Amino acid sequence: MTETSETIAERLQHAFDSLTRAERQLTDSLLQNYPVSGLSSITRVAQNAEVSTPTVVRMVQKLGFSGFPAFQAALRDELEAKISDPISKRNTWADNAPEAHILNRFTDAVIGNIRQTLTQIDLETFERCCALLADPARRVYVVGGRITRSLAEHFFLHMQVLRADVTHIQSISNAWPHYLLDVKAGDVVVIFDVRRYENSTLKLAEMARERGAQIVLFTDQWRSPVHELADCTFSGRIVVPSAWDSSVTLMLLLETVIADVQERTWDVTRDRMEALEEMFDRTRFFRKFT
């Protein structure tokens, strides 16, 4: 094994784009309860990730290890270093509920999702994405799918206040080709796509790319096929103890992007917000408490 100060988790994150779909699935499984998740037998590690044992062998070799035993030895070294410091057991999130209660189990999962998602964010990509979205010379188009349309609407509503030339593309596939007529080279198309990935969304991305648009993708940890076409990808963990996936990490990411774009466009955004508030006052859209 090559000497390096990187943890195995960091190696997995840096190698993620070059991994196969099965290897990405294995990576996600290993990072869920890292580093303990990698200390079982190779058969159990493969079963937990629902991949084959040869997949495990190939991936640890890609990370620079001679084989699975060397991989586990490095994990044990990390674990030993980790537990050498005092560790305090956290309290349950809801004090009046048992630790196994859904409130606590769900919260644990969401916080774990956020923590793991943030460790995988590339700051250079984040800055580049926000610069694209703040550029007044580029029009911005936003589209979501069956489940992610609510995220797309939330993003659109805020971006529309921050800057001009923001369009919400309707999610129905027989409507979005009309929007592509106006997409020009350099424009930005923001796409929300999580499992089960939608074929129409991929086709939209392909056609937008053909017209020279740059694509910003918000997706899950396994990454939508649109990732291959995207200039910037934000991957958020979505698994929670529920039949439904969680949108919390994606909401965190998109609201952070909104906050950054606001700072970049503030001179213009302030005037737009003041004009909008004046319109609200004239229409008495909201109640005022004095």
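Every letter in the sequence shown is one number past the one before it in the working numbering, and letter 67, counting from 1, is 75. Every residue, glycine too, gets a C-beta built ideally from N, C-alpha and C. Since the structure is predicted, the reported quantities are computational estimates derived from the model, not experimental observations.
Taking 7 angstroms as the cut-off, the Cβ atoms of F134 and V150 do not count as close.
P77 is classed as exposed because its beta carbon has fewer than 16 other beta carbons within 10 Å across all chains shown. Boundaries of the beta strand (DSSP E) harbouring L225: 222–228, taken from the DSSP string. Assignment of F164 by DSSP, reduced to helix, strand and coil, places it in the helix class. For the pair T63 and A117, the Cα-to-Cα distance works out to about 26 angstroms. With fewer than 16 other beta carbons inside 10 angstroms of its own, F293 counts as exposed. In this structure, R136 keeps its C-beta atom at 7 angstroms or more from the C-beta atom of D173. The three-state secondary structure of I16, taken from DSSP, is helix. Cβ contact annotation for L38 (same chain, cutoff 7 angstroms, sequence separation greater than five): L20, S45, G46, in chain order. Among the bridge pairs identified by DSSP, I199 is matched with V151, L225. Selection L159, G220, S158, D130 evaluated against V196 yields G220 as nearest (Cα-Cα). In this structure the stretch 176–189 does not touch the stretch 270–284; the number of beta carbon pairs closer than 8 angstroms is below three. V269 and L141 have their C-alpha atoms roughly 7 angstroms apart. Residue state for T61 is assigned as helix, using DSSP reduced to three classes.
Within the same chain, Cβ atoms closer than 8 angstroms to the Cβ of L284 are found at V169, the five residues on either side in sequence being excluded. Apart from the 5 residues on each side of it in sequence, V59 sits with its Cβ closer than 7 angstroms to the Cβ of A30, Q33, L34 in its chain, given in chain order.
Secondary structure of F79 (DSSP, three-state): helix. Our two residues, S48 and T61, have alpha carbons roughly 13 angstroms apart in a direct line.
DSSP places H176 outside any alpha helix (DSSP H); the residue lies instead in the beta strand (DSSP E), whose first and last residues are 174–176. In the DSSP assignment, T241 falls within the beta strand (DSSP E) that extends over 240–244.
Rounded to whole angstroms, the gap between the alpha carbons of I155 and F73 is 40 angstroms.
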